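> Residues are numbered in my numbering as their position in the sequence shown, beginning at 1, plus a constant of 1.
From the three backbone atoms N, C-alpha and C, an ideal C-beta is built for every residue, glycine too.
Predicted model only: the values in this text are computed from it and were never measured.
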Amino acid sequence: MEKKKIGHYDVFFFDELTSTMDVAREMIDYGCEYAVVAKVQTDGRGRHGRKWISNEGGLWISIVWKHVDKNLLKYMFLVVAKSIVETLKNFGISSRIKLPNDIYAENRKISGILIENLRACVIIGIGINVNNDLDEEMGDATSCRNIIGRTLNLDSVLNLTIENLDKSRSCFVSDNDEFFNEIKGLLIK
Numbered sequence: 002m003e004k005k006k007i008g009h010y011d012v013f014f015f016d017e018l019t020s021t022m023d024v025a026r027e028m029i030d031y032g033c034e035y036a037v038v039a040k041v042q043t044d045g046r047g048r049h050g051r052k053w054i055s056n057e058g059g060l061w062i063s064i065v066w067k068h069v070d071k072n073l074l075k076y077m078f079l080v081v082a083k084s085i086v087e088t089l090k091n092f093g094i095s096s097r098i099k100l101p102n103d104i105y106a107e108n109r110k111i112s113g114i115l116i117e118n119l120r121a122c123v124i125i126g127i128g129i130n131v132n133n134d135l136d137e138e139m140g141d142a143t144s145c146r147n148i149i150g151r152t153l154n155l156d157s158v159l160n161l162t163i164e165n166l167d168k169s170r171s172c173f174v175s176d177n178d179e180f181f182n183e184i185k186g187l188l189i190k
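(1) Look at the alpha carbon of CYS172 and the alpha carbon of TYR10, and state the distance between them as a whole number of angstroms.
(2) Could you tell me the distance, in whole angstroms, from the CA atom of ARG120 to the CA atom of GLY150?
(3) Roughly how far, in whole angstroms, is the beta-carbon of PHE181 from the beta-carbon of CYS145, given that I think they are within contact range, below 8 Å?
(4) Check for me: the beta strand (DSSP E) holding ARG109 runs from which residue to which?
(5) With DSSP collapsed to three states, give me the class of LYS190.
(6) Note down the Cα distance separating GLY8 from LEU159, rounded to an integer number of angstroms.
(7) What residues are listed by DSSP as bridge partners for LEU18?
(8) Counting only the same chain and skipping the five closest in sequence on each side, list residues whose C-beta sits under 6 Å from that of LYS99.
(9) Do GLY126 and LEU1 come within 9 Å of each other at the CB atom, strictly closer than that value?
(10) Work out the CA separation of VAL86 and LEU153 for me, nearest whole Å.
(11) Report the three-state DSSP secondary structure of SER144 (helix, strand or coil).
(12) Just to confirm before moving on: does the CB-CB distance between GLY128 and ILE62 stay below 9 Å?
(13) What residue from LYS75, ILE64, ILE29 has the CA that sits closest to VAL174's CA?
(14) Specify, as a first and last residue, the run of the beta strand (DSSP E) that ALA106 falls within.
(15) Let me check one thing: in DSSP terms, what residues is LYS67 bridge-paired to?
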């Protein structure tokens, strides 16, 4: 395990975990907001316990926010989804939000979000197919590499995701109207 500071988060890096969500939950008493990143998840999951294939080359991260406002909590998925759309846009990938918890690019799933609300915090699980090879069982999935035809630096994707997550959170808190106006144009109908 390696630990780095990215923004105000302590970020813990692992080569392989069952699930970043599981480890983030185990560390729940850690003092500040933090993130858990794995190169590979052996038991990654999406909504309703569905398997999320998390092989090397993707971004598999769980971020813990402490003391989340109830109003923000109600729209947490949209706050997180907006940040992922912004991150992908930075790499030349146009994407949209598909309710209840996915991000699509070129009509294929490129990212998924899983949110767990615990007593004093929220765990935000994010999976982004960046450079990873896609299994046939992943169905309609795609990756950043498939779309833009080149490999991205995972550290850059991680740093930008965290930065955009904080920007999206701030935008929601400071100006709800602006936030929802931006979201309207990003939703797949």
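Put simply:
(1) Locating residue 172 in the sequence shown gives position 171, counting from the first residue. Locating residue 10 in the sequence shown gives position 9, counting from the first residue. Cα to Cα, the separation comes out at about 19 Å.
(2) Counted from its first residue, the sequence shown places residue 120 at position 119. Counted from its first residue, the sequence shown places residue 150 at position 149. Computed Cα separation, rounded: 43 Å.
(3) Locating residue 181 in the sequence shown gives position 180, where the first residue counts as 1. Locating residue 145 in the sequence shown gives position 144, where the first residue counts as 1. Contact doesn't hold; Cβ gap of about 27 Å is too wide.
(4) Counting from one through the sequence shown, the residue named residue 109 turns up at place 108. ARG109 -> beta strand (DSSP E) spans 109-118.
(5) Locating residue 190 in the sequence shown gives position 189, where the first residue counts as 1. LYS190 falls in the coil class under three-state DSSP.
(6) Here residue 8 corresponds to residue number 7 of the sequence shown, with the count starting at 1. Here residue 159 corresponds to residue number 158 of the sequence shown, with the count starting at 1. Their backbone Cα atoms lie some 11 Å apart in a straight line.
(7) Stepping through the sequence shown from its first residue, residue 18 is reached at position 17. Paired residue(s): GLN42.
(8) Within the sequence shown, numbered from 1, the residue matching residue 99 stands at position 98. Here the set comprises TYR105, ILE189.
(9) Outside the displayed range of the chain (2 to 190) lies residue 1, so it cannot be described from this structure.
(10) Here residue 153 refers to the residue found at position 152 of the sequence shown. Here residue 86 refers to the residue found at position 85 of the sequence shown. Straight-line Cα distance between these residues: approximately 16 Å.
(11) As a working mapping, residue 144 is identified with position 143 in the sequence shown. Of the three classes helix, strand and coil, the one that applies to SER144 here is coil, per DSSP.
(12) Working through the sequence shown from its first residue, we reach residue 128 at position 127. Working through the sequence shown from its first residue, we reach residue 62 at position 61. Their beta carbons are under 9 Å apart, which means GLY128 touches ILE62 by this criterion.
(13) Residue mapping note: residue 174 aligns to position 173 of the sequence shown, counting from 1. It is LYS75.
(14) Sequence index remark: in the sequence shown, residue 106 carries index 105 (1-based). Start and end: 103-106.
(15) Here residue 67 refers to the residue found at position 66 when the sequence shown is read from its first residue. DSSP output for LYS67 lists CYS122 as bridge partner(s).
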